[in-house]
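Structure first, then comments.
Residue numbers (this note's numbering): 5 to 470.
Pasting the structure below:
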């Protein structure tokens, strides 16, 4: 008897198991078939029995599974199992292991009952990854265009813009902002304190950060963590003024101002390589003239504690970036290199008509201070405001919009320079200008604009397949 499991990295085989009564072959194939918005995973399993002699019958065959330290058995009182019934000839049999929780490890074995004896394949461990699980919602004001960063295994989430609503004014329906419009509060989310899966609301993993963020309330700011500190700066205030102030945060020391950014940007993008942070792209609003988009990047390291000019992505290649200027781009880092792309530009002062969305992508090598264009998404996948993050050797983008939110998510493999679309949980993927932070090997996506009238407060955690 030998089991095998199909994974994203190929097929894994268990050691062979044999017995003297008869040459009965039992093979198992297990794969993740789907996952849903409730973070329940169904595993499709298939087995094959061969070597039966005419007239022989396997009284029962199927699959068993558990989450204990011992390999599953159908008679241990702990494991669950499914059976396809009796089998009287060499054949392939299939079944479904239903409703497994996403993001968990399971032991799975094929079994067969023959001549009253129970036979099992070697234990195979599977992880129900490539799946999203919804966690305890954010208790503060729902928002989009906010920021998030990770420190000491916790996520800090704040700033952003409130919801829009439709109200009736003089008998006509008009859009109005509700509440304060632009926000400046920060909250801390502790994943360890949140074993609950939505809609279980018995956990309390959220707490408001005190002391409060000292800067003006803002949206479209930029944030990153480096050297044990979180950094937040720039953005747009309630009066539509573009900001360039910057602050750093430590859980035990609170907030303190640092060197202001050289230019006032909104919708910039950031990434960190080693002890150096890079911030670039963005837009400066000017009501009297077309919007100004930037391609220049600046760097900030923990030694100099000042912003220094870096490559301008709008001029040439080599040490400068040739791609078009933009804001609301997406970035992530893999293996000491940064990957930046997507976003938008606009050719008029309203930033609506003439808007152009990008699908190109670029790699930055900090050691050589050079940019090069890599594979982007197909033209129909252009977007702004997507969440970007990396786990292990892959980068990911989730959501974004082309005026209206898009409904997909992608994985990027830098070794192959290749994008692959991944099956998605629709309730999670349909959002734009959400916030994301990675804790260990799990990515947390918070808030964002869900549709034309709804701003979310949900938080979803992504478990990679490996």
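The beta carbon of each residue, even a glycine, is placed where N, CA and C say it ideally should be.
- Excluding residues up to 5 positions away in sequence, 140, 193, 194, 197 and 198 lie with their Cβ nearer than 6 Å to the Cβ of residue 209 in the same chain.
- Excluding sequence positions up to five before and after residue 400, its CB lies within less than 6 Å of the CB of 393 and 415, all in the same chain and listed in chain order.
- Burial check for residue 333: the Cβ neighbour count within 10 Å reaches 16 or more, so the residue is buried.
- Apart from the 5 residues on each side of it in sequence, residue 387 sits with its Cβ closer than 7 Å to the Cβ of 346, 361, 404, 405, 406 and 410 in its chain, given in chain order.
- Annotation for residue 131: 109 place their beta carbon closer than 7 Å to its own, counting only its chain and skipping 5 residues before and after.
- Taking C-beta atoms as the reference points, residue 280 and residue 241 fail to come closer than 8 Å.
- Going by beta carbons, residue 282 and residue 252 fall outside the 8 Å limit.
- Distance from residue 375 to residue 138 at the Cβ level is roughly 37 Å; contact not present, criterion being Cβ atoms closer than 8 Å.
- C-alpha of residue 152 to C-alpha of residue 202: approximately 21 Å in a straight line.
- Assigned with DSSP and collapsed to three states, residue 72 falls in coil, not helix or strand.
- Buried is the label assigned to residue 53, since at least 16 other Cβ atoms lie within 10 Å of its Cβ.
- Under DSSP, residue 422 forms a beta bridge with 417.
- Secondary structure at residue 197: helix, using DSSP grouped into helix, strand and coil.
- Fewer than three beta-carbon pairs drawn from the region 156-166 and the region 114-133 are found closer than 8 Å, and the two stretches are therefore not classed as touching.
- Pairing residue 349 with residue 297 gives a Cβ-Cβ distance under 8 Å.
- By the neighbour-count definition (other C-beta atoms within 10 Å, threshold 16), residue 310 is an exposed residue.
- Of all alpha-carbon atoms in 446, 277 and 459, the one lying nearest the alpha-carbon of residue 107 is that of 446.
- Per DSSP, residue 395 is one residue of the beta strand (DSSP E) stretching across 391-395.
- DSSP places residue 296 in the strand class (E or B) of the three-state scheme.
- Your pair residue 275 and residue 342 checks out as a contact, with CB atoms roughly 4 Å apart and the cut at 8 Å.
- No residue range can be given for residue 202, since it is assigned to no beta strand (DSSP E) and is classified by DSSP as neither H nor E.
- The Cβ atoms of residue 379 and residue 412 lie no closer than 8 Å to each other.
- Beta-bridge partners assigned by DSSP to residue 155: 158.
- Excluding sequence positions up to five before and after residue 260, its CB lies within less than 7 Å of the CB of 251 and 252, all in the same chain and listed in chain order.
- Put simply, the backbone Cα of residue 224 is about 22 Å away from that of residue 312.
- Secondary structure note for residue 373: it is in no beta strand (DSSP E), with a DSSP letter that is neither H nor E.
- According to the DSSP secondary-structure assignment, residue 130 is paired through a beta bridge with 110.
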